[in-house]
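Participant:
Residue numbers (this note's numbering): 34 to 330.
(1) Which of the three DSSP states is assigned to residue 231 in this structure?
(2) Using C-beta distances below 6 Å, list every residue in its chain close to residue 262, excluding the 5 sequence neighbours before and after it, in chain order.
(3) Along the chain, where does the beta strand (DSSP E) that runs through residue 159 open and close?
(4) Roughly how many angstroms separate the alpha carbons of residue 243 and residue 157, rounded to a whole number?
(5) Would you decide whether residue 260 is buried or exposed? Buried here means 16 or more other CB atoms lie within 10 Å of its CB.
(6) Taking residue 164 as the reference, give the member of 193, 221, 142 with the closest Cα.
(7) Taking the alpha-carbon positions, what's the residue 35 to residue 140 distance?
(8) Would you say the region 299–310 touches the region 219–235, given that touching needs at least three Cβ pairs under 8 Å?
(9) Under the rule that 16 or more other beta-carbon atoms within 10 Å means buried, what is residue 221, buried or exposed?
(10) Confirm, please, whether the CB-CB distance from residue 181 to residue 209 is below 8 Å.
(11) Establish whether the CB of residue 146 and some CB of chain D are separated by less than 8 Å.
(12) Just to confirm the assignment, what range does the alpha helix (DSSP H) spanning residue 301 have?
(13) Would residue 296 be called buried (16 or more neighbouring beta carbons within 10 Å of its own) or exposed?
(14) On a Cα-Cα basis, can you pick out the residue from 278, 275, 247, 283 that is closest to residue 264?
(15) Under the rule that 16 or more other beta-carbon atoms within 10 Å means buried, what is residue 111, buried or exposed?
(16) According to DSSP, simplified to helix, strand and coil, what is residue 315?
(17) Between residue 258 and residue 173, what straight-line distance do the alpha-carbon atoms span, to the nearest angstrom?
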């Protein structure tokens, strides 16, 4: 996430108009009176105290101990929508220009990149007017290396004009030459944008020649000491879309398997370029899901 540039607020702001109906236009609906069922065997019909109407009293063996109590319907807990991956079916289609190659093994499994892991650091959001950086916390909620997918939340602190930390939910693509390659193919990122941002990471330099040759389809990352990813924020968790921030862009991310450190660069054509994200693993691990199918609640 980053500052929303002037001129984009109107395009991204959503207005919901909730209006109560005019009472004079409401039409009362009359309930149909159904004929009374015949009294059960052994039931007593006692006259009412007023109007002479009868009251049907069921014998004890026909009565329910909770028949006089209104039933309360339990509301299900709110759920955070997360993509559910079914291992019985093929993985989702890769982005444009990507070739799913079953011969490529997944990146190395790393305990520092797993559900429940937490990271802390900063994101530089400086522009030509002033220097600025936010404190950032990231938590991974789900990780599936076989499908090239992970998801989590990002919390930005000390955000100007925000009363509370701003939390977003993001989903990630793991570059493995099987599910996803280094070329994004969406989110307004061209191949030139991809190479320009990946080249910011020193660990990408040894791979550049292969990627320029065949688009990275032959790159073997199964034993590489770094894992490359794209993180795309999907929605704000605790604030509205009119909070003054934008999540229209995404992050190019490089993860170090040796120490769990994360470097990233935010890309959005309408924002300041190369906003750097730097995170370190806090060695704190909360509850999470490492199954191939999961759901946040």
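Each residue gets a CB set at the ideal place from its N, CA and C atoms; glycine is no exception.
Facilitator: On the basis of the coordinates in this document:
(1) Here residue 231 refers to the residue found at position 198 when the chain shown is read from its first residue. Helix, per DSSP.
(2) Locating residue 262 in the chain shown gives position 229, where the first residue counts as 1. Hits under 6 Å: 205, 207, 286.
(3) As a working note, residue 159 is residue 126 in the chain shown. Unbroken run through residue 159: none, as it is neither H nor E.
(4) Against the chain shown, residue 243 aligns to sequence position 210. Against the chain shown, residue 157 aligns to sequence position 124. Within the model, the alpha-carbon separation for residue 243 versus residue 157 is close to 31 Å.
(5) Your numbering for residue 260 matches position 227 in the chain shown. With 16 or more Cβ atoms within 10 Å of its Cβ, residue 260 is classed as buried.
(6) Residue numbering aside, residue 164 sits at position 131 when the chain shown is read from its first letter. Closest by alpha carbon: 193.
(7) As a position in the chain shown, residue 35 is number 2, starting the count at 1. As a position in the chain shown, residue 140 is number 107, starting the count at 1. Straight-line measurement puts the Cα of residue 140 at about 30 Å from the Cα of residue 35.
(8) Touching, per the Cβ criterion.
(9) What you label residue 221 is simply residue 188 of the chain shown in a count that begins at 1. Result: exposed.
(10) The sequence position of residue 209 within the chain shown is 176, counting from 1. The sequence position of residue 181 within the chain shown is 148, counting from 1. Closer than 8 Å, so yes.
(11) Looking for chain D here will not work: only one protein chain is present.
(12) To locate residue 301, count along the chain shown from 1; it is residue 268. That residue, residue 301, is in no alpha helix (DSSP H); it is neither H nor E in DSSP.
(13) For this step, residue 296 is matched to residue 263 along the chain shown. Its Cβ being crowded by 16 or more others within 10 Å, residue 296 is buried.
(14) As a working mapping, residue 264 is identified with position 231 in the chain shown. It is 283 whose Cα lies nearest to the Cα of residue 264.
(15) Here residue 111 corresponds to residue number 78 of the chain shown, with the count starting at 1. Low per-residue confidence applies at residue 111: pLDDT is 41, beneath 50, and the placement is therefore not dependable, though the value from the model is reported in the following sentence. That one is exposed.
(16) Mapped onto the chain shown, residue 315 falls at position 282. Three-state result, residue 315: strand.
(17) Position 225 of the chain shown holds residue 258. Position 140 of the chain shown holds residue 173. Rounded to whole angstroms, the separation of the alpha carbons of residue 173 and residue 258 is 20 Å.
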